[in-house]
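Working notes for the structure below.
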Amino acid sequence: MAPILEISDLSVAYRSDSGDVHAVEHVSLSLNAGEVVGLCGESGSGKSTLAYGAMRLLRPPALITSGSVRYSGRRITHGGEPVDILSMSQRELHRIRWRETAIVFQSAMNALNPVLRVQDQLLDAIQAHLKLPRHEARDKAATLLDLVGIPRDRLRAYPHELSGGMRQRVMIAMALAADPEVVIMDEPTTALDVVVQRDILSQIVELKDRLGFSVLFITHDLSLLLELADRIAVMYAGRLMETGSSQELMREPAHPYTRGLLNSFPALHGAKRELTGIPGVPPDLRDITPGCPFIPRCRYATGACSAVDMSLAPVAGTPAQAAHLTACPIVTPEVTKEASQEEVAS
Amino acid sequence: MKSSVFAGAANIWRNLPLKAKIGVGLFGFFVLAAIIGPQVQPYDPGAQTPLTMAAPSVQHWFGTTQTGQDILSQVLTGIRLTLELALLVGVIVTVVSVLIGVTSAFLGGIWDDVLSLITNVFLVIPALPLLIVLLGYLSQQGQTPTIVVLSLLGWPWGARVIRAQTLTIRGRDFIAASRETGEKTWRIILFEIIPNEVSLIAASFVNTVLYAIGASVALAFVGLTNVNSWSLGTILFWAQTDSALLAGAWWWFVPAGLAVALIGTSLVLLNSGIDELGSPRLRATRGTAKVAGHKIWPTDPTPVLAQLQAQRGPLGSFLHSFSRRSLLEGTSAGGEL
Numbered sequence: 000m001a002p003i004l005e006i007s008d009l010s011v012a013y014r015s016d017s018g019d020v021h022a023v024e025h026v027s028l029s030l031n032a033g034e035v036v037g038l039c040g041e042s043g044s045g046k047s048t049l050a051y052g053a054m055r056l057l058r059p060p061a062l063i064t065s066g067s068v069r070y071s072g073r074r075i076t077h078g079g080e081p082v083d084i085l086s087m088s089q090r091e092l093h094r095i096r097w098r099e100t101a102i103v104f105q106s107a108m109n110a111l112n113p114v115l116r117v118q119d120q121l122l123d124a125i126q127a128h129l130k131l132p133r134h135e136a137r138d139k140a141a142t143l144l145d146l147v148g149i150p151r152d153r154l155r156a157y158p159h160e161l162s163g164g165m166r167q168r169v170m171i172a173m174a175l176a177a178d179p180e181v182v183i184m185d186e187p188t189t190a191l192d193v194v195v196q197r198d199i200l201s202q203i204v205e206l207k208d209r210l211g212f213s214v215l216f217i218t219h220d221l222s223l224l225l226e227l228a229d230r231i232a233v234m235y236a237g238r239l240m241e242t243g244s245s246q247e248l249m250r251e252p253a254h255p256y257t258r259g260l261l262n263s264f265p266a267l268h269g270a271k272r273e274l275t276g277i278p279g280v281p282p283d284l285r286d287i288t289p290g291c292p293f294i295p296r297c298r299y300a301t302g303a304c305s306a307v308d309m310s311l312a313p314v315a316g317t318p319a320q321a322a323h324l325t326a327c328p329i330v331t332p333e334v335t336k337e338a339s340q341e342e343v344a345s
Numbered sequence: 000m001k002s003s004v005f006a007g008a009a010n011i012w013r014n015l016p017l018k019a020k021i022g023v024g025l026f027g028f029f030v031l032a033a034i035i036g037p038q039v040q041p042y043d044p045g046a047q048t049p050l051t052m053a054a055p056s057v058q059h060w061f062g063t064t065q066t067g068q069d070i071l072s073q074v075l076t077g078i079r080l081t082l083e084l085a086l087l088v089g090v091i092v093t094v095v096s097v098l099i100g101v102t103s104a105f106l107g108g109i110w111d112d113v114l115s116l117i118t119n120v121f122l123v124i125p126a127l128p129l130l131i132v133l134l135g136y137l138s139q140q141g142q143t144p145t146i147v148v149l150s151l152l153g154w155p156w157g158a159r160v161i162r163a164q165t166l167t168i169r170g171r172d173f174i175a176a177s178r179e180t181g182e183k184t185w186r187i188i189l190f191e192i193i194p195n196e197v198s199l200i201a202a203s204f205v206n207t208v209l210y211a212i213g214a215s216v217a218l219a220f221v222g223l224t225n226v227n228s229w230s231l232g233t234i235l236f237w238a239q240t241d242s243a244l245l246a247g248a249w250w251w252f253v254p255a256g257l258a259v260a261l262i263g264t265s266l267v268l269l270n271s272g273i274d275e276l277g278s279p280r281l282r283a284t285r286g287t288a289k290v291a292g293h294k295i296w297p298t299d300p301t302p303v304l305a306q307l308q309a310q311r312g313p314l315g316s317f318l319h320s321f322s323r324r325s326l327l328e329g330t331s332a333g334g335e336l
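Protein chains in written order, with numbering that gives the first Met the number 0: chain A, 0 to 345; chain B, 0 to 336.
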């Protein structure tokens, strides 16, 4: 199956007086139709920059220095060649934004205009991208609220009259206004408590199944992705460390960084175990050292690590066509198994 | 220490937009003329000679007046007087408006009510009639009355704008945070609030200077000042009284008029540079714009390096090859750029 959105070799840098910050370095990531791909990493690992850069939403001093983002939504390509978002003009971008690729922004509080009613903001989004008569647009706004489970009479409410969860739902409704094929969600549930979070996530999955869009879900919460996403990409210091299906990642994390992330939160089921976390801090993205950026924090680091070219390759022991890829050729499942056995022994 | 100050200044200069550079250069020229003018003027501006209404020549670059006075010397003295007046008014007005604006907004309550009332009262005083009436009485005492009256009528505008801006800044979280950490009120005002208003204050200063030049020249032109001193306005006053225009003596009023126009232009150009100095975000944007070779608006899609290189025409790439700052040096992606 051809991916609907294919990011390849994307690099984004922020210019600054003290050197350019290489926030995303040669990242390739694809999103298949109807799939939920989770993108996770620490704060500042470049996950939002990757998604916004691919959509050309970053403001200067951001600069895309390499790569391509091919989009093959059926309404745009009509089954033909995919289009490259990075070579689009502003007008072409305006045509695909929202109608083809929509975004749910990080903080719903800031993304909603406090002086406009929910209805007016939904209508704005609808009318900017769809040519609908006024009363149809109104109906559409009401249906959108139904979709995310907010009573219709809340249409006339102002954002401050809604709870955080409802505001986030309004944002999701707004993203779905023009029936997009790809929805990018940037930490849509970070500010919410776990109960509401759970609620919204299951709603997203349900909507996805019903409407058939694909989701790129950005979060720093790996545990959440293990449940929600079909595939997960783990990012660190602007580079992809590991991609694979949720099951693969949960059962057999290949990259030491992923292992570190998985050891940072408790499992709900199974035996109790020590939470270890990852010692150290992420590197400065202004000067890039050769090889793996995780070396200083990695317990398996060897001299060979600084020669690693950070391209993704199938995990050792899995078939070559498998989708479980890692950027670390040094640490194979055997190595980690030995290490954990030593731990148990000591 | 000293060299770092110079480096900082050089950095600021390099990052200024072209408009502001022209403005700084032009304004600097006039300030220089004001400082050394009276020393380098070839004649006493008031001295009368038999050579009357002479066109520009080697002896008198800007020609002479009806009574044979050298116009170049008059203009050089005039620039000093006019700039002196305008800058003084600018400083007084800015200080007063910042003081009153920030105080009334930050202290609030009764202070705000009283200061706002005073501001509003001064705002509704009809400026022109008052100026004419006051200066009609006081005009023979040099520039001081003009400075006082212009300052008195100039501050309420700035005070209101700054009060409004302070009100919005005062409500933001970082002010609440600094109050919470126990910062003193004067420190919050000086180090938290004022830096956020630098571009506003500077713009208000520049605008006031502009207003003072315009008003003082206009008042002098109608004779409401000491017409025996030489300012740009009084030169125009005498040119008008002695009907230079009728006599076709363009050299009498063109230099002074041009000086007023150019000082005004330089101030307007300066104003456009101040905005960027006050905002780090705008400065950062300029870095990318330099790579692109054209302005990039915040609403534009994220620029793509390959496109920028392709858009740059042959001339653009040629010029860019001399550019000192090479972007993304040493990355596999950046290459030459």
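For each residue, glycine too, the CB sits at the ideal point set by N, CA and C.
Only a predicted model underlies this, so the values are computations on that prediction, with no experimental measurement involved.
CB of residue i within 8 Å of CB of residue j, strictly
i	j	result
residue 121 of chain A	residue 146 of chain A	no
residue 84 of chain B	residue 211 of chain B	yes
residue 121 of chain B	residue 155 of chain B	yes
residue 176 of chain A	residue 124 of chain A	yes
residue 46 of chain A	residue 171 of chain A	no
residue 223 of chain B	residue 134 of chain B	yes
residue 187 of chain B	residue 177 of chain B	yes
residue 10 of chain A	residue 25 of chain A	yes
residue 8 of chain A	residue 65 of chain A	yes
residue 353 of chain A	residue 227 of chain A	Look at the range of chain A in this structure, 0 to 345, and you will see that residue 353 of chain A is not part of it.
residue 285 of chain A	residue 27 of chain A	no
residue 25 of chain B	residue 233 of chain B	no
residue 191 of chain A	residue 164 of chain A	yes
residue 183 of chain A	residue 206 of chain A	no
residue 347 of chain A	residue 111 of chain A	Because chain A is modelled from 0 through 345, residue 347 of chain A falls outside the range shown and cannot be assessed.
residue 7 of chain B	residue 92 of chain B	no
residue 301 of chain B	residue 61 of chain A	yes
residue 325 of chain A	residue 311 of chain A	yes
residue 105 of chain B	residue 165 of chain B	yes
Beta-carbon neighbours of residue i, restricted to chain B and to distances below 8 Å
i	result
residue 57 of chain A	301
residue 92 of chain A	300
residue 89 of chain A	299, 300
Exposed unless 16 or more other CB atoms sit within 10 angstroms - verdict on residue i
i	result
residue 21 of chain A	buried
residue 327 of chain B	With a pLDDT of 43 at residue 327 of chain B, under the threshold of 50, the predicted position of this residue should be treated as unreliable, and no value is reported.
residue 103 of chain B	buried
residue 162 of chain A	exposed
residue 227 of chain B	exposed
residue 331 of chain B	Residue placement at residue 331 of chain B is poorly supported in this model, since its pLDDT is 38, which falls under 50; the coordinates are not used for a value here.
residue 46 of chain B	exposed
residue 152 of chain A	exposed
residue 107 of chain B	exposed
residue 1 of chain A	exposed
residue 80 of chain A	exposed
residue 242 of chain A	buried
residue 271 of chain A	exposed
Residues that residue i contacts on chain A, provided the C-beta gap is smaller than 9 Å
i	result
residue 297 of chain B	58, 59
Chain A residues whose Cβ lies nearer than 8 Å to that of residue i
i	result
residue 304 of chain B	62, 63, 64, 65
Where residue i meets chain B, residues with beta-carbon distance less than 7 Å
i	result
residue 52 of chain A	301
residue 85 of chain A	303
Whole-angstrom C-beta distance between residue j and residue i, which should lie under 8 Å
i	j	result
residue 187 of chain A	residue 236 of chain A	That belief does not hold up - the Cβ atoms of residue 187 of chain A and residue 236 of chain A are roughly 24 Å apart, past 8 Å.
residue 44 of chain A	residue 234 of chain A	5 Å
residue 83 of chain A	residue 103 of chain A	About 24 Å separates the two Cβ atoms, so there is no contact after all.
residue 331 of chain A	residue 316 of chain A	7 Å
residue 309 of chain A	residue 238 of chain A	5 Å
Residue i at chain D interface by Cβ criterion, 8 Å
i	result
residue 193 of chain A	The question asks about chain D, but that chain is absent: this structure's protein chains are A and B.
Exercise. How about the region 158-169 of chain B and the region 93-106 of chain B: do they share at least three Cβ pairs that are nearer than 8 Å?
Worked result: yes
Exercise. Would the region 249-266 of chain B and the region 53-63 of chain B be scored as touching if the rule is three or more Cβ pairs under 8 Å?
Worked result: yes
Problem set entry | Three-pair Cβ contact test at 8 Å for the region 178-194 of chain A versus the region 229-246 of chain A | no
Problem set entry | the region 200-216 of chain A touching the region 247-266 of chain A, judged by at least three CB pairs closer than 8 Å | no
Problem set entry | the region 70-88 of chain B / the region 36-54 of chain B touching (three or more Cβ pairs under 8 Å) | yes
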